[in-house]
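Peer 1:
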Amino acid sequence: MNMLPRVFLRSYSSIPLIKKKIAIVGGGPAGFYAAQYIAKNLSNCEIDILEKLPVPFGLVRFGVAPDHPEVKNVINTFTKTAENPSVRFLGNIALGQDVSLKELREQYHAVLLTYGADQDHRLNIPNEDQENVISARKFVAWYNGLPGAENLQPKLTGDTVTIIGQGNVAIDVARILLSPVDLLKNTDITEYSLEALSTSNIKRVQLVGRRGPLQAAFTIKELREMLKLPNVTTVWRREDFEGVEDLVASLQRPRKRLTELMLTSLKAQNFTDTQERQFLPIFLRSPETISYNSLDVVVNKMAGDKAVKTKDMENLPADLILRSIGYRSTCADSEIPFNEKAGKVFNHNGRVLVNGDSEVIDRGLYTAGWLGTGPTGVILTTMNTAFGVGKHIVDDFNGNLIKCDQNKPGLDIKKLRAVTWDKWERIDKAEIEAGAGKGKPREKIVSINTMLEVAGV
Amino acid sequence: MQSVKLVQNLARFSFSRTLKSTSNLKGVQRNFSISHPRLNEQITVTFVRASGEKLTTKAKVGDNLLDVVVNNNIDLDGFGACEGTLTCSTCHLIFKPADYERLPDKPGDEELDMLDLAYDLTDTSRLGCQVILTKDMDGLEVKVPATVNDARSA
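Okay, here's the thing in structure tokens:
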């Protein structure tokens, strides 16, 4: 594939080969997929994957729901990448704390930023900082054992949870709240959250969206799973679907099948079983004000694809409110040209721009994953864009667009407490052993200190 | 791995002996799957990248198309990310209409749900992990949708 540059190098064989050094900041799907592509397609390179936490895999470990273990099979591919001789995993190294971007750019020929989106959008409505209002992101981090989230103590004593937002994160959270604990106890869910969920009083989870059923943000697989969840009834609001059926025929296949599934479920709806837990999607409502245990929403109507507020209001019960209206990235290092408004790095197809005011590319600096694209899409999306950015990096090296005329040392980890791959394997082994006795695939270690202790660093 | 090879060889050995009696002995043969003649039947399958490049391989009857890619190290980055568990759409393949119609099993809801998330979805799209090869698929050509693998540059 890359014959030309190789021929070029061979004809100047008196010049010693300079190893192309690449730092990838962030050990989640984007980082691993980009590393996979570069390691395969770029000759004579060394890739370091720097990860802030002692453990790898980012949202595959801390985002993917515990009852979706199949999705985590990508870990097998990531592990192969980490075991590639030209790839080095370095956990417990944080950009902006242990190392600066300036240092990385001095020590590597190219730097790829893939550290994701670890904050979320706020509603910016009154009383949002009330104790019973938390972000769905934090709730996910809590049940998935992200260090620092273990003390969240979500209030599960009331009977109604209202989730604002209708994406797949919202559905995941609803499913975890409504699932019989028996369905979760053999997953890698953290023990403390399993305990909290087993004494939960939650009976109803409402999923509130600004727009209508035709704009629903969840995908069909996630909805079908909800509809099949044992001991849970899905309750739609009939009025939300006015006129929807007439439009079904004109929809594209994915939207059409999703809408048909909602309509089929709506038609089969009966209210006889009130003993069951309920899942209640609510469309055409925007949050306005949070009160002690309720949420005031304004009634919207659709104008084309946009939701327009009316003067009508509704009060929804809400013992716990989970905000799930999108993730956002943060700027980990002041040298990053970061678009605060969009919550992502200024870039053009993964090539980072010098700043937000021009289209000038900062050669040798790249971004992929949610940090570059914004927080949307499934793993497939991230895989494709990460491969794409990986290809740009390979092309830029081969096209001599990246300055590569002198050896670069790479990060000196002697003075750092880096968790290398063999040390992660110690953590991995300890977690799997701890889970075995409970019938779980693993019991995640949540404390960073314990992780480091087990890793022996 | 070695034991798999051994089984294959044994199966090859007993192939001619059991070929004629397959239909009568189905129940019995399930218990002695080593002698099941279908195990060692090989056909040829071709994966066509969007660039037009063809990757042709031998494939075992009874394997699904994801198995074929994995077992033969077919060079398709990212193919089969969830390893055949119907939770992604990275083994998306596009069939010729006539071939699609001939497939013995139609896609189920779960497969269609995942296909709905695939790039370049067509009416003759399937997930490779759900298509099990039969003998009469010999010579099958399937298109691998464009990704960064080939034509479409990001």
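Chain order of the listed sequences is U and R. Just so you know, the first sequence maps onto residues 0 to 456 in numbering that gives the first Met the number 0. Just so you know, the second sequence maps onto residues 0 to 153 in numbering that gives the first Met the number 0. The beta-carbon is built from N, C-alpha and C at its ideal position, and this holds for glycine as well. The model shown is predicted, which means the values in this text are computed figures rather than measured ones.
Please name the residues in the segment 351-369 of chain U whose beta-carbon is closer than 9 Å to at least one beta-carbon of chain R, in chain order.
Peer 2: none
Peer 1: Less than 7 Å between the C-beta atoms of residue 138 of chain U and residue 125 of chain U, yes or no?
Peer 2: Not a contact, by the Cβ cut-off of 7 Å.
Peer 1: State the CB to CB distance for the pair residue 150 of chain U and residue 451 of chain U, rounded to an integer number of angstroms; the pair is presumed to be in contact (CB under 8 Å).
Peer 2: With a Cβ gap of about 19 Å, residue 150 of chain U and residue 451 of chain U do not count as contacting.
Peer 1: Can you name the residues of chain R whose CB is closer than 7 Å to the CB of residue 377 of chain U?
Peer 2: 116
Peer 1: Classify residue 220 of chain U: buried if its beta carbon has 16 or more other beta carbons within 10 angstroms, exposed otherwise.
Peer 2: buried
Peer 1: Kindly provide the ranges of any alpha helix (DSSP H) runs that are 4 or more residues long and lie completely inside the segment 201-266 of chain U, ordered along the chain.
Peer 2: 219-227, 243-246, 252-266
Peer 1: Go through its chain and collect everything with a Cβ distance to residue 127 of chain R's Cβ below 6 Å, but skip five positions before and after it.
Peer 2: 64, 65, 90, 92
Peer 1: To the nearest angstrom, how far is it from the Cα of residue 86 of chain R to the Cα of residue 336 of chain U?
Peer 2: Cα to Cα, the separation comes out at about 35 Å.
Peer 1: For a minimum of 4 consecutive residues, which ranges assigned as the alpha helix (DSSP H) are wholly contained in the segment 40-104 of chain U?
Peer 2: 57-61, 73-82
Peer 1: Which same chain residues end up closer than 8 Å to residue 30 of chain R when comparing Cβ atoms and leaving out the 5 residues on each side of it in sequence?
Peer 2: Low per-residue confidence applies at residue 30 of chain R: pLDDT is 38, beneath 50, and the placement is therefore not dependable enough to give any value.
Peer 1: Is there contact between the segment 378-394 of chain U and the segment 28-40 of chain U, where contact requires at least three CB pairs shorter than 8 Å?
Peer 2: yes
Peer 1: Report the rounded CA-to-CA distance for residue 145 of chain R versus residue 178 of chain U, giving the unit in angstroms.
Peer 2: 38 Å
Peer 1: Where residue 284 of chain U and residue 144 of chain U are concerned, what is the direct C-alpha to C-alpha distance, given to the nearest angstrom?
Peer 2: 32 Å
Peer 1: Where does residue 154 of chain U sit, in a helix, a strand or coil, going by DSSP?
Peer 2: coil
Peer 1: Go ahead and pull the three-state DSSP assignment for residue 25 of chain R.
Peer 2: At residue 25 of chain R, the pLDDT of 35 sits below 50, so the modelled position is not reliable; the number obtained from the coordinates is stated separately. In the structure shown, residue 25 of chain R adopts helical secondary structure according to DSSP, grouped into three states.
Peer 1: Could you check what DSSP says for residue 125 of chain R in three-state terms: helix, strand or coil?
Peer 2: strand
Peer 1: With burial defined as no fewer than 16 other Cβ atoms inside 10 Å of the residue's Cβ, what is the status of residue 131 of chain U: buried or exposed?
Peer 2: Label assigned to residue 131 of chain U: buried.
Peer 1: Looking at chain R, which residues of the segment 60-90 of chain U have a Cβ within less than 8 Å of any of its Cβ atoms?
Peer 2: 67, 69, 70, 72, 73, 75, 76
Peer 1: Kindly list the residues whose CB is nearer than 8 Å to the CB of residue 209 of chain U, restricted to its own chain and excluding five residues on each side of it in sequence; keep chain order.
Peer 2: 283, 284, 285, 299, 306
Peer 1: For chain R, is any of its Cβ atoms less than 7 Å away from the one on residue 0 of chain U?
Peer 2: Bear in mind that the predicted position of residue 0 of chain U carries a pLDDT of just 48, short of 50, making it unreliable; the figure below should be weighed with that in mind. False, the Cβ-Cβ gap to chain R never drops below 7 Å.
Peer 1: For residue 113 of chain U, count neighbouring C-beta atoms within 10 Å of its own C-beta (all shown protein chains included) and say buried if the count is 16 or more, exposed if not.
Peer 2: So residue 113 of chain U counts as buried.
Peer 1: Taking residue 83 of chain R as the reference, which of U:175, U:71, U:318, U:443 has the closest Cα?
Peer 2: When only C-alpha atoms are compared, the closest one is U:71.
Peer 1: Which chain U residues sit within Cβ distance under 8 Å of residue 81 of chain R?
Peer 2: 69, 70, 72, 73
Peer 1: Using DSSP's beta-bridge definition, name the partner residues of residue 302 of chain U.
Peer 2: U:305
Peer 1: For the candidate residues U:147, U:141, U:382, whose alpha-carbon lies nearest to that of residue 196 of chain U?
Peer 2: When C-alpha distances from residue 196 of chain U are compared across U:147, U:141, U:382, the shortest belongs to U:141.
Peer 1: Figure out for me which residue from U:191, U:382, U:174 has the closest Cα to the Cα of residue 229 of chain U.
Peer 2: U:174
Peer 1: List the whole-angstrom C-beta distance separating residue 353 of chain U from residue 366 of chain U, where the pair is believed to meet the contact cut-off of C-beta under 8 Å.
Peer 2: Going by Cβ atoms, the distance from residue 353 of chain U to residue 366 of chain U rounds to 13 Å, so no, they are not a contact pair.
Peer 1: If you draw a straight line from the C-alpha of residue 119 of chain U to the C-alpha of residue 51 of chain R, how long is it?
Peer 2: In this structure, the straight-line span from the alpha carbon of residue 119 of chain U to that of residue 51 of chain R is close to 43 Å.
Peer 1: Please give me, in chain order, every unbroken run of the beta strand (DSSP E) with length at least 3 that falls completely inside the segment 38-103 of chain R.
Peer 2: 41-47, 53-59, 91-94
Peer 1: What does residue 252 of chain U reach in chain R if we use C-beta pairs closer than 8 Å?
Peer 2: 115, 120
Peer 1: Going by C-alpha to C-alpha distance, which of R:42, R:47, R:39, R:40 sits closest to residue 140 of chain R?
Peer 2: The shortest CA-to-CA distance from residue 140 of chain R to any of R:42, R:47, R:39, R:40 is the one to R:47.
Peer 1: How close, in whole Å, do the beta carbons of residue 226 of chain U and residue 233 of chain U come, if the pair is a contact with beta carbons under 8 Å?
Peer 2: 6 Å
Peer 1: Comparing the C-beta of residue 258 of chain U with each C-beta of chain R, is any distance below 7 Å?
Peer 2: Under the Cβ distance rule, residue 258 of chain U does not count among the residues neighbouring chain R, no pair being separated by less than 7 Å.
Peer 1: In its own chain, which residues sit with a C-beta less than 7 Å from the C-beta of residue 127 of chain U, not counting the 5 before and 5 after it?
Peer 2: 121, 289
Peer 1: Which residues of the segment 75-107 of chain R have a Cβ closer than 7 Å to any Cβ of chain U? Give them in chain order.
Peer 2: 76, 77, 80, 81, 82, 84, 86, 87, 88, 89
Peer 1: Mind checking residue 326 of chain U: buried by the 16 CB within 10 Å criterion, or exposed?
Peer 2: Residue 326 of chain U should be labelled buried.
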